[in-house]
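Chemist: Please read through the structure below; I'll follow up with questions.
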Amino acid sequence: MAVNMNSHQNAASGRNSSRHGHHHQARRYQARRHQAPMSEINVTPMVDVMLVLLIVFMVAAPLLTVGVPVNLPKSAAKPLTGDSEPLAITVKADGKVFLQDTAIEASNLVVKLRAIAGTGYEERIYVRGDKDVAYGDVADIVARINAAGFSKVALVTDLKSSQGKK
Numbered sequence: 001m002a003v004n005m006n007s008h009q010n011a012a013s014g015r016n017s018s019r020h021g022h023h024h025q026a027r028r029y030q031a032r033r034h035q036a037p038m039s040e041i042n043v044t045p046m047v048d049v050m051l052v053l054l055i056v057f058m059v060a061a062p063l064l065t066v067g068v069p070v071n072l073p074k075s076a077a078k079p080l081t082g083d084s085e086p087l088a089i090t091v092k093a094d095g096k097v098f099l100q101d102t103a104i105e106a107s108n109l110v111v112k113l114r115a116i117a118g119t120g121y122e123e124r125i126y127v128r129g130d131k132d133v134a135y136g137d138v139a140d141i142v143a144r145i146n147a148a149g150f151s152k153v154a155l156v157t158d159l160k161s162s163q164g165k166k
């Protein structure tokens with residue numbers, strides 16, 4: 001019985017001529033087993049995915065807000081803005097009343113102001129009375145403004161340049 005001594009030595013040492021690479025794999029496995037496990041997470045792929053999602057949503061968001069296409073009617077009216085000129089009523093020294101820059105009879109003031117209130121004007125009305133106008137005349141104008149449905153009324157005055165002057 002002839003026994004190949006090389007095959008016994010190979011078998012005893014873990015080397016098999018047909019499985020020459022097996023020993024190297026076992027050594028690599030043992031080396032991995034003795035290393036500490038990886039303790040940090042690689043966040044680069046996650047950041048890449050988040051940036052791609054951010055770009056997709058930035059592109060898609062404006063498309064979602066378009067809404068249903070509609071042919072809007074044309075209008076001759078100017079757009080409403082919050083920067084509209086405040087409504088001012090002026091009482092001159094001779095007793096004439098002006099709504100903005102237009103002269104108006106005091107008796108027609110309530111009718112005009114109700115028409116203005118019908119347009120949705122709810123802002124403060126400024127009363128500019130000349131200093132020589134009787135207090136009663138200005139009070140009459142304020143009463144007419146209240147009768148038209150406006151409760152926000154302000155009296156316009158000039159600031160005194162110094163306290164000592166009269």
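Residues in the sequence shown are numbered consecutively from 1, following full-length UniProt numbering. Ideal Cβ placement from N, Cα and C applies to all residues, glycine included. Owing to the predicted nature of the structure, the values given are computational and were not obtained by experimental measurement.
Mind checking who V91 pairs with in its DSSP beta bridge?
Modeler: V97 and G129
Chemist: Give the straight-line distance between the Cα atoms of K96 and E105, rounded to the nearest whole angstrom.
Modeler: Going by the C-alpha atoms only, they are around 8 Å apart.
Chemist: If contact is defined by three or more beta carbon pairs under 8 Å, each pair taking one atom from either stretch, is the stretch 107-119 in contact with the stretch 147-154?
Modeler: Three or more pairs of CB atoms, one per stretch, sit closer than 8 Å, so the stretch 147-154 contacts the stretch 107-119.
Chemist: So R144 packs on T90, CB below 8 Å; how close in whole Å?
Modeler: The beta carbons of R144 and T90 sit about 14 Å from each other, so the pair does not count as a contact at 8 Å.
Chemist: For F57, I'd like the list of residues in its chain whose CB is within less than 8 Å of its CB, leaving aside the five on either flank, ordered along the chain.
Modeler: Correct list: empty, nothing qualifies.
Chemist: My output table needs one value for T119: the three-state DSSP class, helix, strand or coil.
Modeler: coil
Chemist: I55: buried (16+ other C-beta within 10 angstroms of its C-beta) or exposed?
Modeler: I55 should be labelled exposed.
Chemist: Are the beta-carbon atoms belonging to L155 and Y121 less than 9 Å from one another?
Modeler: no
Chemist: If distances are taken between C-alpha atoms only, which option among D101, K131 and L87 comes closest to T119?
Modeler: Checked all of D101, K131 and L87; the closest Cα to T119 is L87.
Chemist: Taking C-alpha atoms, which residue in L51, S75, D132 and V47 lies nearest to A93?
Modeler: D132
Chemist: Using the beta-carbon count (16 or more within 10 Å), is residue 168 buried or exposed?
Modeler: The structure shown does not extend to residue 168, since the chain is modelled only from 1 to 166, so the question has no answer here.
Chemist: Which residues bound the beta strand (DSSP E) around I141?
Modeler: Per DSSP, I141 belongs to no beta strand (DSSP E); it is in the alpha helix (DSSP H), Y135 to A147.
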